[in-house]
Ligand SMILES: Nc1ncnc2c1ncn2[C@@H]1O[C@H](COP(=O)(O)OP(=O)(O)OP(=O)(O)O)[C@@H](O)[C@H]1O
Ligand SMILES: [Mg+2]
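In the numbering used here, the protein residues as written are 78 to 444.
Take a look at the structure:
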């Protein structure tokens, strides 16, 4: 017999086994209202799924089964999924007709946390109910399979004369990486054109199906791969990751200018490794300085999407293949990432509506 408490409710709901309802995402925070008196229960649960009615029935059935003493269950389901607009472009639609938006995660400097941010953004968007794909565009240093905890190899199938690759999927994110296709101990020693060819194939030969967002985790810098990407499909936009320190900002500026030059809108700047809070004392340390991300976004007139602290659990999440939005659903850092992903969605919607000539409605939005 489970107790009628918030955690009791969550344990009960975790027993639901249905493809459309990812119970891994349920936490105490999912319960927005909990009132229990006598044999009545009033409950508001926030979920990430789209088929709300079907899921409401599943939840009701499960609660009735586990809490037999209840006479009345008043259940409200709210969804977190935000509006998803579509970037319209003939060239993109010809190559990936089911993909609504394509977003590159880039930086000038290496090691600032692009892959960490890309994985966590992708899982955060998926947690909010979006259909998400992730392309590991770092051919020479792929890290997505490790960060998404996958050692699988993608399957292929024949379609007419061409071979289609089925992307792998973990944490509700479909992904493809050279790291899953070749022996992970051997370095990739391809010349530029071959690496660029692989990126093209990730767009043209992978069966992405329907996606709201396809995220590209780029290698550092402004080289061949970045160019191939922007030449193959016009991206919805790019996100620049930087640490607060000056050396990283210099390179972030270059990355930003590269995208501007090739007419890819920069959707915003994310500052990573913004600060460190000592777990024992709670004291804040600005290890790489502070305010750099906001400074550069002001300077280049692009939105500041947020700052992610240095946290050993974020690093561990990457190394263990368990992104923090799943590994630490109730942590402050997860909230920060969720907030950044929602701000990014707003920026995508803003760009897409300006594309269809509706910008005047949105000019008041301040970011
Ligand atoms: N906020 C953070 N807190 C703690 N560790 C972090 C954080 N962000 C990234 N890291 C760690 O820093 C290292 C570099 O991160 P990551 O691989 O994401 O950077 P990158 O920019 O993709 O690097 P590259 O340029 O090589 O592709 C990794 O070990 C990662 O786990
Ligand atoms: Mg990387």
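Just so it is clear, CB atoms sit at the ideal spot from N, CA and C, and this is done for glycine as well.
Taking 7 Å as the cut-off, is the C-beta of residue 189 nearer than that to any heavy atom in ligand 1?
For the purposes of this step, residue 189 is taken as residue 112 along the chain shown, with counting starting at 1. Yes - ligand 1 has a heavy atom lying nearer than 7 Å to the Cβ of residue 189.
Using alpha carbons as the reference points, say which of 326, 222, 97, 356 lies closest to residue 400.
The residue given as residue 400 occupies position 323 in the chain shown. The candidate whose alpha carbon is nearest that of residue 400 is 222.
Shortest alpha-carbon distance to residue 224 belongs to which of 85, 181, 247?
The residue labelled residue 224 in the question sits at position 147 within the chain shown. Closest by alpha carbon: 247.
Taking contact to mean at least 3 C-beta pairs separated by less than 8 Å, is the stretch 264-272 in contact with the stretch 230-243?
no
So does residue 294 have its beta carbon nearer than 7 Å to some heavy atom of ligand 2?
As a first step, residue 294 is located in the chain shown; it is residue number 217 there, counting from the start. Yes; taking the cut-off as 7 Å, the Cβ of residue 294 has a heavy atom of ligand 2 nearer than that.
Of all the options 251, 122, 343, 237, which has the alpha carbon lying nearest to the alpha carbon of residue 227?
Against the chain shown, residue 227 aligns to sequence position 150. Nearest of 251, 122, 343, 237 to residue 227, Cα basis: 251.
Report whether the distance from the Cβ of residue 419 to the nearest heavy atom of ligand 1 is below 7 Å.
Taking the first residue of the chain shown as 1, we reach residue 419 at position 342. No, the beta carbon of residue 419 sits no closer than 7 Å to any heavy atom of ligand 1.
So what does DSSP say about residue 278, is it helix, strand or coil?
Counting from one through the chain shown, the residue named residue 278 turns up at place 201. Three-state DSSP puts residue 278 in a helix.
Can you give me the Cβ contacts of residue 411 inside the same chain, cut-off strictly under 6 Å, excluding the 5 residues immediately before and after it?
By 1-based counting over the chain shown, the position of residue 411 is 334. Counting only Cβ-Cβ distances below 6 Å, and skipping sequence neighbours, we find 401, 402, 405.
Per DSSP, what kind of secondary structure is residue 386 in: helix, strand or coil?
Position 309 of the chain shown holds residue 386. If DSSP states are grouped into helix, strand and coil, residue 386 belongs with the strands.
Could you spell out the range, first to last residue, of the alpha helix (DSSP H) harbouring residue 198?
Locating residue 198 in the chain shown gives position 121, where the first residue counts as 1. Segment 191-204, the alpha helix (DSSP H) holding residue 198.
I need the straight-line Cα distance from residue 393 to residue 147, nearest angstrom please.
Here residue 393 is taken as the residue at index 316 of the chain shown, counted from 1. Here residue 147 is taken as the residue at index 70 of the chain shown, counted from 1. Each residue's Cα considered, the two are about 42 Å apart.
Is any heavy atom in ligand 2 found nearer than 7 Å to the beta carbon of residue 220?
For this step, residue 220 is matched to residue 143 along the chain shown. At least one heavy atom of ligand 2 is nearer than 7 Å to the Cβ of residue 220, so yes.
Report the CB separation of residue 163 from residue 178 in whole angstroms; it is logged as a contact under 8 Å.
One-based indexing of the chain shown puts residue 163 at position 86. One-based indexing of the chain shown puts residue 178 at position 101. Right, their Cβ atoms sit about 7 Å apart.
What are the boundary residues of the beta strand (DSSP E) that residue 149 is part of?
If you number the chain shown from 1, residue 149 lands on position 72. Looking at the DSSP string, the run of the beta strand (DSSP E) that includes residue 149 is 149-156.
Any idea what DSSP makes of residue 95, helix, strand or coil?
To locate residue 95, count along the chain shown from 1; it is residue 18. Residue state, collapsed to three classes: strand.
Could you tell me the distance, in whole angstroms, from the CA atom of residue 288 to the CA atom of residue 255?
Sequence index remark: in the chain shown, residue 288 carries index 211 (1-based). Sequence index remark: in the chain shown, residue 255 carries index 178 (1-based). If you take the alpha carbons of residue 288 and residue 255, they lie about 21 Å apart.
In chain order, what residues of the same chain lie with their CB nearer than 6 Å to the CB of residue 123, ignoring the 5 residues before and after it?
Along the chain shown, one-based indexing puts residue 123 at 46. Its chain contains 107, 109, 155, 157 as the residues whose beta carbon lies nearer than 6 Å to that of residue 123, once the 5 sequence neighbours on both sides are disregarded; these appear in chain order.
By how many angstroms is the C-alpha of residue 207 removed from the C-alpha of residue 357?
Numbered from its first residue, the chain shown carries residue 357 at position 280. Numbered from its first residue, the chain shown carries residue 207 at position 130. In a straight line, the C-alpha of residue 357 is about 37 Å away from that of residue 207.
Could you tell me which whole alpha helix (DSSP H) segments of length 4 or greater appear in the stretch 387-414?
389-397, 401-404
Cβ atoms of residue 331 and residue 188: under 8 Å apart, would you say?
Within the chain shown, residue 188 is the residue found at index 111, counting from 1. Within the chain shown, residue 331 is the residue found at index 254, counting from 1. In this structure, residue 331 does not lie closer than 8 Å to residue 188 by Cβ.
What would DSSP say about residue 254, mapped onto helix, strand or coil?
Residue 254 sits at position 177 when you count from the first residue of the chain shown. Note: residue 254 maps to coil in three-state DSSP.
Since residue 345 and residue 379 are thought to touch, with beta carbons under 8 Å apart, how far apart are those beta carbons, to the nearest angstrom?
As a position in the chain shown, residue 345 is number 268, starting the count at 1. As a position in the chain shown, residue 379 is number 302, starting the count at 1. Indeed, because the Cβ distance is near 6 Å, the residues count as touching under 8 Å.
Kindly indicate the opening and closing residues of the beta strand (DSSP E) around residue 293.
By one-based count along the chain shown, residue 293 stands at place 216. It spans 288-294 - the beta strand (DSSP E) in which residue 293 sits, taken as one unbroken run.
Return the CA-CA distance between residue 426 and residue 166, expressed in angstroms with no decimal places.
What you label residue 426 is simply residue 349 of the chain shown in a count that begins at 1. What you label residue 166 is simply residue 89 of the chain shown in a count that begins at 1. Using only the alpha carbons, I get a separation of about 15 Å.
Please determine, among 338, 176, 370, 204, the residue with the shortest C-alpha to C-alpha distance to residue 322.
Indexing the chain shown from 1 puts residue 322 at position 245. For residue 322, the closest C-alpha among the options 338, 176, 370, 204 is that of 370.
Hey, how far is the Cα of residue 306 from the Cα of residue 132?
Here residue 306 refers to the residue found at position 229 of the chain shown. Here residue 132 refers to the residue found at position 55 of the chain shown. One C-alpha to the other measures close to 39 Å.
Whole angstroms is fine: what's the gap from residue 214's alpha carbon to residue 296's?
Taking the chain shown and counting its residues from 1, one reaches residue 214 at position 137. Taking the chain shown and counting its residues from 1, one reaches residue 296 at position 219. Between the alpha carbons of residue 214 and residue 296 lies a gap of roughly 6 Å.
Do residue 317 and residue 291 have their beta-carbon atoms positioned less than 8 Å apart in this structure?
Reading the chain shown from its first residue, position 214 is the one you call residue 291. Reading the chain shown from its first residue, position 240 is the one you call residue 317. The answer is no: Cβ separation not under 8 Å.
Tell me the DSSP bridge mates of residue 317?
On the chain shown, position 240 is the one that residue 317 refers to. Beta-bridge analysis with DSSP links residue 317 to 183, 346.
I'd like to check one pair, residue 302 with residue 242: are the Cβ atoms closer than 8 Å?
Position 165 of the chain shown, counting from 1, holds the residue named residue 242. Position 225 of the chain shown, counting from 1, holds the residue named residue 302. Going by C-beta atoms, residue 242 is not nearer than 8 Å to residue 302.
Checking 8 Å against the spacing of the C-beta atoms, do residue 310 and residue 280 come in under that value?
To locate residue 310, count along the chain shown from 1; it is residue 233. To locate residue 280, count along the chain shown from 1; it is residue 203. Going by C-beta atoms, residue 310 is nearer than 8 Å to residue 280.
Is DSSP giving residue 26 helix, strand or coil here?
Here the chain comprises residues numbered 78 to 444, so residue 26 is not present and cannot be evaluated.
Comparing C-alpha positions only, which one of 396, 384, 390, 409 sits nearest to residue 420?
Working through the chain shown from its first residue, we reach residue 420 at position 343. Answer by Cα proximity: 384.
Is it buried or exposed for residue 153, if we count other Cβ within 10 angstroms and need 16 for buried?
Residue numbering aside, residue 153 sits at position 76 when the chain shown is read from its first letter. So residue 153 ends up on the exposed side.
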